[in-house]
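Written below as structure tokens is the structure these notes are about.
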Amino acid sequence: MLTYVYIIAITAEAMSGALAAGRRNMDMFGVALIAFLTALGGGTVRDVLLGNYPVTWTQYPLYIYLTITAGLATMLMARYMHHLRKVFLLLDAMGLVAFTIIGCNIALQLDYSYTVVVMAGITTGIFGGILRDIMCNRTPQVLSHELYASVSLLVALLYLGMREWGIQHDLNMMISFAIGLSVRMAAIRWHWSLPVFSYKPGRWED
Amino acid sequence: MLTYVYIIAITAEAMSGALAAGRRNMDMFGVALIAFLTALGGGTVRDVLLGNYPVTWTQYPLYIYLTITAGLATMLMARYMHHLRKVFLLLDAMGLVAFTIIGCNIALQLDYSYTVVVMAGITTGIFGGILRDIMCNRTPQVLSHELYASVSLLVALLYLGMREWGIQHDLNMMISFAIGLSVRMAAIRWHWSLPVFSYKPGRWED
Amino acid sequence: MLTYVYIIAITAEAMSGALAAGRRNMDMFGVALIAFLTALGGGTVRDVLLGNYPVTWTQYPLYIYLTITAGLATMLMARYMHHLRKVFLLLDAMGLVAFTIIGCNIALQLDYSYTVVVMAGITTGIFGGILRDIMCNRTPQVLSHELYASVSLLVALLYLGMREWGIQHDLNMMISFAIGLSVRMAAIRWHWSLPVFSYKPGRWED
């Protein structure tokens, strides 16, 4: 099941990357590259940090073609995109949660400590979006909007907690997935967000 | 031959990095760092992605000194730079093509699939310029100008295609290099470019 | 001793990251992430470049919690921060110098050449700040202010030089540390800086 969710998720992430590239008037190549980076960048950063070689996407060319195709298709569909807003936000939330669980699983397999497992989950969940925003020269949105990165943290903690309590693996994944998805959708619906830190530097610092 | 072209190429890339740093009023250290990153950053990203350790430049201190020296020399020569515009664009194009072929070769040696080989070639070709632009806080130019990244893709495909057809290795490199360089120079001359994706978000997305 | 200085240093770096995140109105999660990246990002980049796996912080969960806590605490203390300006600059300078020496030591242990050792030291010293500024969408400040990155270079050269002359290891570290710290504080006090390269492109380049 996670594989199907994963495929839906990287498609949704690739489309969000393509839209961001479109706002910067990039050419087709730029659109394809940002789509790829948004969809598979989080997993890439995780693999490099954990020393998990070969990097996952190098072994699955199909995922590369899927994300590039989704990015290019977005160029054609962009004008109808706003009709799909709610679908899109749902797919993106599915991606966030699925990526997080996958990231945790990979770090668990490599015998990292729980702290690192949580960070691997979050990295997989949010770094695609961060790379997208860095490439498009804007401040990463995942760090200042409705609960987003925090949902990733919640899912990782939940997943590890239930694992410790001995809950069966598939059931654990389904519960973590359902709760994570619900919290994210609720956060969008009712604008839940974390406290924001607004700091205006004095003259001593620029 | 590829070694000579490579040396010319990293020098040209280092100079382009130094000019970008100068536009941001960086100090000598910043100029040297951006020069180094622009020239050797693409290969570094490739090595890290492929797990090709030790990273290439760590074994060739001479290349490090060359790029830093080229960067610092650019500070002195900047005012005469516009006279050299055409030479500069030619050297940069040689770099793009040479980097791509080198990147493909390294991924081939590591037995990656052809899809990954193409991506390694492109990464080597364009990521130096992308890192330069990220460090200088601007949207990567290689993704929105005349055919640039696409030339890297073309060269990689051509090189692998001729390899499959059994064309002798040195001949293959020369043909790929010549065609890539010609296409890039023609793209500059006649402003060839890919379709651009301009997306203006509605109010539902910021 | 270096361990204590290191702990003080990552705390100071985490706080500087949190302040930068606050200027971008990030939420608590963003503040924690930028704090972590600023404090431990330089060492992470070094480990990935040198192939020094597992990445250091994955083996020391305590450092992860320390940097995140320091970042979040900064949210509460921000309004009193300007009273601490001089302390803060001192701690940051200690971090720069300590990180540099630690980075050199790790590259030495891995038998890299002296050129790479120096670059590992500088990377550890300055890349946390560079990642912070990239994440906050501004041009890296360490490359354009009073002597900062250059202090890192000086410390690395000094440390290796004294090592070659056979000076005892602990003494070497103390002397390098003291001189590096003094030069950095003097640079702040008397506004020492490197020549700046200001390049205004002609019309031929955008």
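Line order of the protein sequences matches chains Z, B and Y.
Using our numbering, the letters of the first sequence correspond one by one to residues 1 to 206.
Using our numbering, the letters of the second sequence correspond one by one to residues 207 to 412.
Using our numbering, the letters of the third sequence correspond one by one to residues 413 to 618.
Ideal Cβ positions, reconstructed from N, Cα and C, are used throughout, including at glycine.
Quick one: measure Cβ to Cβ for residue i and residue j, integer angstroms, because I've assumed they're closer than 8 Å.
i: Y/I534; j: Y/A482; result: Actually they are not in contact, since the Cβ atoms of Y/I534 and Y/A482 sit about 24 Å apart, beyond 8 Å.
i: Y/R458; j: Y/G515; result: 5 Å
i: Z/R23; j: B/Y405; result: 5 Å
i: B/Y318; j: B/L256; result: 7 Å
i: B/A220; j: B/T273; result: 4 Å
i: Y/F500; j: Y/A424; result: 7 Å
i: Y/V529; j: Y/I542; result: Contact flag wrong, Cβ pair sits at about 20 Å.
i: Z/V97; j: Z/G161; result: That belief does not hold up - the Cβ atoms of Z/V97 and Z/G161 are roughly 15 Å apart, past 8 Å.
i: Z/V48; j: Y/V460; result: 6 Å
i: Z/A20; j: Z/I34; result: 6 Å
Would you call the CB atoms of residue i and residue j closer than 8 Å?
i: B/S382; j: B/L364; result: yes
i: Z/A209; j: Z/M94; result: Lying outside 1 to 206, the shown extent of chain Z, residue 209 of chain Z is not represented and no answer is given.
i: Z/S193; j: Z/E146; result: yes
i: B/A238; j: B/I216; result: no
i: Z/Y65; j: Z/W57; result: no
i: Z/P140; j: Y/M547; result: yes
i: Z/D92; j: Z/S150; result: no
i: B/T321; j: B/G249; result: no
i: Z/S144; j: Y/N437; result: yes
i: B/N168; j: Y/R550; result: Not covered by the structure: residue 168 of chain B. The range shown for chain B is 207 to 412.
i: Y/L414; j: Y/M585; result: yes
Quick one: what does DSSP say residue i is sitting in, helix, strand or coil?
i: B/I394; result: helix
i: Y/D439; result: strand
i: Y/V467; result: coil
i: B/D412; result: Unreliable placement is indicated for B/D412, whose pLDDT of 44 sits below 50; no coordinate value is reported for it.
i: B/Y318; result: coil
Taking residue i as the query, report the chain B residues whose CB atoms sit under 8 Å from its CB, ordered along the chain.
i: Z/V48; result: V254, L255
i: Z/A78; result: F403, Y405
Considering just the uninterrupted stretch of the alpha helix (DSSP H) at residue i, what are its terminal residues?
i: B/R369; result: 355-370
i: B/C342; result: Premise fails: B/C342 is in no alpha helix (DSSP H) and is neither H nor E.
i: B/Y271; result: 267-283
i: B/D298; result: 291-315
Along chain B, in chain order, which residues have C-beta atoms closer than 7 Å to that of residue i?
i: Y/L555; result: M232, D233, F235, G236, L239
i: Y/T551; result: R230, C342, N343
Would you mind telling me which residues of chain Z sit closer than 7 Å to residue i, beta carbon to beta carbon, in chain order?
i: Y/T470; result: Y112, V116
i: B/L400; result: D27, M28, F29
i: Y/A433; result: F197
Using the beta-carbon of each residue, which ones in chain Z are nearer than 8 Å to residue i?
i: Y/C516; result: By Cβ distance, chain Z contributes nothing, its closest Cβ being about 22 Å from Y/C516, past 8 Å.
i: Y/G429; result: Result: empty, since nearest Cβ-Cβ is about 11 Å, beyond 8 Å.
Along chain Y, in chain order, which residues have C-beta atoms closer than 8 Å to that of residue i?
i: B/A384; result: Neighbours of B/A384 on chain Y: none; closest Cβ ~26 Å, over 8 Å.
i: B/M207; result: Within chain Y, no residue comes near B/M207; the closest Cβ sits about 26 Å away, beyond 8 Å.
At least one CB of chain A closer than 8 Å to the CB of residue i: is that the case?
i: Z/V183; result: The structure shown contains no chain A; the protein chains it does contain are Z, B and Y.
Just to confirm, does residue i get its C-beta within under 7 Å of one of the non-hydrogen atoms of the ligand FMN?
i: B/T250; result: By its list of ligands, the structure shown contains no ligand whatsoever, and the ligand FMN lies outside what it can speak to.
Whose Cβ in chain Z lies nearer than 9 Å to the Cβ of residue i?
i: Y/I476; result: T115, V116, M119
Can you pull the chain Y residues whose beta carbon is under 7 Å from the beta carbon of residue i, in chain order?
i: B/Y259; result: G463
Which bits of chain B does residue i rub up against, with CB to CB less than 9 Å?
i: Z/M75; result: P401, F403, Y405
i: Y/A505; result: Those within 9 Å of Y/A505 in chain B number zero; the least Cβ separation is about 16 Å.
How would you list, in chain order, the residues of chain Y whose beta-carbon sits under 9 Å from the beta-carbon of residue i?
i: Z/A12; result: Correct list: empty, because the minimum Cβ distance to chain Y is about 21 Å.
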